[in-house]
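To keep things clear, I will list the structure first and then write my remarks on it.
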Amino acid sequence: MSEAVGRLVADGDSVAIEGFTHLICHAAGHELIRQRRRNITLCRLTPDVIGDQLAAAGVISRIVFSWMGNPGAGSLHALRRRIEHADPEPLEVEEYSHFGMVSRYTAGATGLPFFPLRSYSGSDLPAANPRIVPMVSPFAGETLYAVPPLNPDVAIVHVQRATADGDAQVWGLLGCQKEAAFAAHRVIVVCEEVVPESVVRSDPNRTLIPAPIVDAVVEAPGGCHPSFAQGYYDRDNRFYLDWEAISRDPAAVAAWLDEWVYGLADHAEYRARLGAERWASLAPGEAWAPPVNYGSYR
Amino acid sequence: MSWTSNELMVVAAARRLAGERVCFVGIGLPNLACSLAQRTVEPDLELVYESGAVGARPERLPISIGDPCLVAGARAVASQFELFAFYLQGGRVDVAFLGAAQIDRRGSINTTVIGPYEHPKVRLPGSGGACDIAVLASKVFVIVPQSARSFVPKVDFVTSPGHFPGRDTPGGGPDTVVTQLGVYRFVDGEMTLTSLHPGATLDQVQAACGWEMAVAPDLAETPPPTEDELAALRALDPERVYLG
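If you read the protein sequences in the order shown, they are chains A and B. With the first letter of the first sequence counted as 1, position 274 gets the number 274 in our numbering; the numbers rise by one all the way through. With the first letter of the second sequence counted as 1, position 39 gets the number 39 in our numbering; the numbers rise by one all the way through.
Now the structure itself:
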């Protein structure tokens, strides 16, 4: 992780760390903090706990987003301090709806100059963000709204399993990681486990991102904590609730970052520090899908 | 038999789901309302979550909109593009739930900022999918605690449009608002009290509203929750995570 982030993410880059509640790569966010990256634009539909930590650590100077909260647990106070009081420094915001953000990645991934959608009519969002623009359909004459492509410098995508080359397979909630990866100039895949190529080739429908667009593969089991990886570990809701209190107090946030990020060499140490008991409490039961027959055509 | 105002709100919302087919669910009270409707008035209700779970059959109470329990046993999992483009914009969502920090008489909802946008007094989470839902879902249901602070003459920011003049959108906009005091529908785009909850008064409704609330001529009283409704609801949230 240290090598991948060091080589592929530069100060001033725009970085997409997607994952909608599922597969949010906190390990990569922590590495950005540990390497003291600066002036990063975070592209993320829901800059939740990881967005708050990146804001508190001074990594990000701008966010492109659609929903900013600690889901089910409260608010993101470090982000709010920066937006409401420029404390300790201002944060630039560029805001859309979820559909607008997903459409931006889709335009970026497909090489289109904009993407049209039937949202925003009657909302104040286009007035707040001049990059949400009304347009007239060239066919039916209706008014739609257009959003511009989003092509992040780097997309960081966490997946359940990947080959060493970067063929990346996901099951469960898919979010918009495929769109973000295809839209990005560089792609870092982080996985729960590296698997042989034969595993991926036995089940190609499950591949979200193929190796040819991937620049680095990092194995970081548990790297989504406190988010979850379907079938591997559950969401650690206690952490989200704890973060509400930590986030309210800048000193508590600084102490947390010292203990859990700056004070640790890498995510393996974070995983160990969390302890076997905590991980055991997050282990799901089993629910296997039967295999499918792709056929053999020699 | 007694019940809490949260229980009454969930029961009142669940009853309004009779006859609906595909419901875009929010977490918390809306999730309870939909699950209750499946067990009472509308067993065939299809639950679709913003996270992409379609036809979810959660085996535990979901604690987030993307809880893994929504995936295990679901009918389908859609990418977010598919969810917003194929399901919502494709016209395949009959009813969707929204929450609100502020709501006005036309059903416009603010979840973005309190105060001016450039220098907010309070920065709220923002739209998420709410603006898209407000424009595109056939009907929007709102569950919101009512007070003079949340029911305002003019919202500070229109995140999700209500019945603005000249509204010409694929979706029908706000249909039903449920609070701890009553049920409201929209008559010619104006929020109108149609049913007063047991024990609530018109004075309380007016005191908790920043404009003069319209009252339907045939104002009803919300039938109290039945024993069956309460038993089913309490079984859904035994630890009272959302019921309080």
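Glycine included, each C-beta is placed from N, C-alpha and C at the ideal position.
If the criterion is Cβ atoms closer than 8 Å, does the pair Leu36/B and Val10/B meet it?
Annotated as proximal: Leu36/B and Val10/B, with beta-carbon spacing under 8 Å.
With 16 other Cβ atoms within 10 Å as the buried cut-off, status of Gly90/B
Under a 10 Å Cβ-count criterion, Gly90/B is classified as exposed, with fewer than 16 other Cβ atoms of the shown protein chains found around its own Cβ.
Chain B residues whose Cβ lies nearer than 7 Å to that of Cys25/A
Chain order gives no chain B residues near Cys25/A, where near means a beta carbon separation below 7 Å; the closest approach is about 15 Å.
Considering Cα atoms alone, identify which of Ala252/A, Gly222/A, Tyr240/A is closest to Ala276/A.
When only C-alpha atoms are compared, the closest one is Gly222/A.
Between Gly126/B and chain A, is any beta-carbon pair separated by less than 8 Å?
Yes, contact with chain A.
Among residues of its own chain, excluding the 5 on either side of Ser195/B, which ones have a beta-carbon nearer than 6 Å to its beta-carbon?
Gly182, Val183, Ala220, Thr222.
Would you call the region 79 to 91 of chain A and the region 140 to 149 of chain A touching, i.e. three or more CB-CB distances under 8 Å?
As far as the Cβ criterion goes, the region 79 to 91 of chain A does not touch the region 140 to 149 of chain A, which means the pair count is below three.
For Val200/A and Gly295/A, what's the separation of their Cα atoms in angstroms?
Roughly 15 Å separates the two Cα atoms.
Can you confirm whether Cys131/B, when its beta carbon is compared against all beta carbons of chain A, has any partner nearer than 8 Å?
With a threshold of 8 Å between beta carbons, Cys131/B makes contact with chain A.
In chain order, what residues of the region 59 to 74 of chain A put their CB closer than 8 Å to some CB of chain B?
Residues of the region 59 to 74 of chain A that bring their beta carbon within less than 8 Å of a beta carbon in chain B comprise Phe65, Ser66, Trp67, Met68, Gly69, Pro71, Gly72, in sequence order.
Can we say the region 120 to 132 of chain A touches the region 92 to 111 of chain A, given the rule of at least three CB pairs closer than 8 Å?
By the Cβ test, the region 120 to 132 of chain A is in contact with the region 92 to 111 of chain A, since at least three Cβ pairs between them sit closer than 8 Å.
Counting contacts by CB-CB distance shorter than 8 Å, is Tyr117/B in contact with chain A?
Closer than 8 Å: yes.
Determine the chain B residues that contact Ala128/A at a beta-carbon separation under 7 Å, and present them in chain order.
Chain B residues near Ala128/A: Tyr117.
Between Ala245/A, Glu92/A, Pro204/A, Asp234/A, which lies nearest to Glu286/A when the distance is taken from Cα to Cα?
The residue with the shortest Cα to Cα distance from Glu286/A is Asp234/A.
To the nearest angstrom, how far is it from the Cα of Glu192/A to the Cα of Thr163/A?
Going from the Cα of Glu192/A to the Cα of Thr163/A covers about 11 Å.
How would you list, in chain order, the residues of chain A whose beta-carbon sits under 7 Å from the beta-carbon of Pro170/B?
Arg118, listed in chain order.
Does the beta carbon of Ser281/A come closer than 8 Å to any beta carbon on chain B?
Chain B places no beta carbon closer than 8 Å to that of Ser281/A, leaving this residue out of the contacts.
Ranges of the beta strand (DSSP E) found wholly within the region 204 to 251 of chain A, counting only runs of at least 3
Those beta strand (DSSP E) runs which fall completely within the region 204 to 251 of chain A and span 3+ residues are 207 to 209, 216 to 219.
When the distance is taken between beta carbons, is Ala16/A closer than 8 Å to Ile33/A?
No, Cβ-Cβ distance for Ile33/A and Ala16/A is not below 8 Å.
According to DSSP, is Leu112/A part of a helix, a strand, or is it coil?
DSSP, reduced to helix, strand and coil, places Leu112/A outside both helices and strands of the structure shown, so it counts as coil.
Taking the continuous alpha helix (DSSP H) assigned at Ser5/B, which residues delimit it?
Counted as a single uninterrupted DSSP element, the alpha helix (DSSP H) harbouring Ser5/B occupies residues 5 to 15.
Buried or exposed: Trp67/A, going by 16 or more other Cβ atoms within 10 Å of its Cβ?
Result: buried.
Where does His77/A fall in DSSP's three states?
His77/A: helix per DSSP, three-state reduction.
Glu31/A classed as buried or exposed, judged by whether at least 16 other C-beta atoms fall within 10 angstroms
Around the beta carbon of Glu31/A, 16 or more other beta carbons lie within 10 angstroms, which makes this residue buried.
Is the separation between the beta-carbon of Glu18/A and that of Gln177/A shorter than 8 Å?
In this structure, Gln177/A lies closer than 8 Å to Glu18/A by Cβ.
Would you say Gln247/A reaches chain B, if we count a Cβ-Cβ gap shorter than 8 Å as a contact?
The question names Gln, yet the displayed sequence has Ser at residue 247/A. No, because no Cβ of chain B sits closer than 8 Å to the Cβ of Ser247/A.
Within 10 Å of its beta-carbon, does Asp168/B have 16 or more other beta-carbons around it, so buried, or fewer, so exposed?
In the assembly as shown, Asp168/B is an exposed residue. Its beta-carbon has fewer than 16 other beta-carbons within 10 Å.
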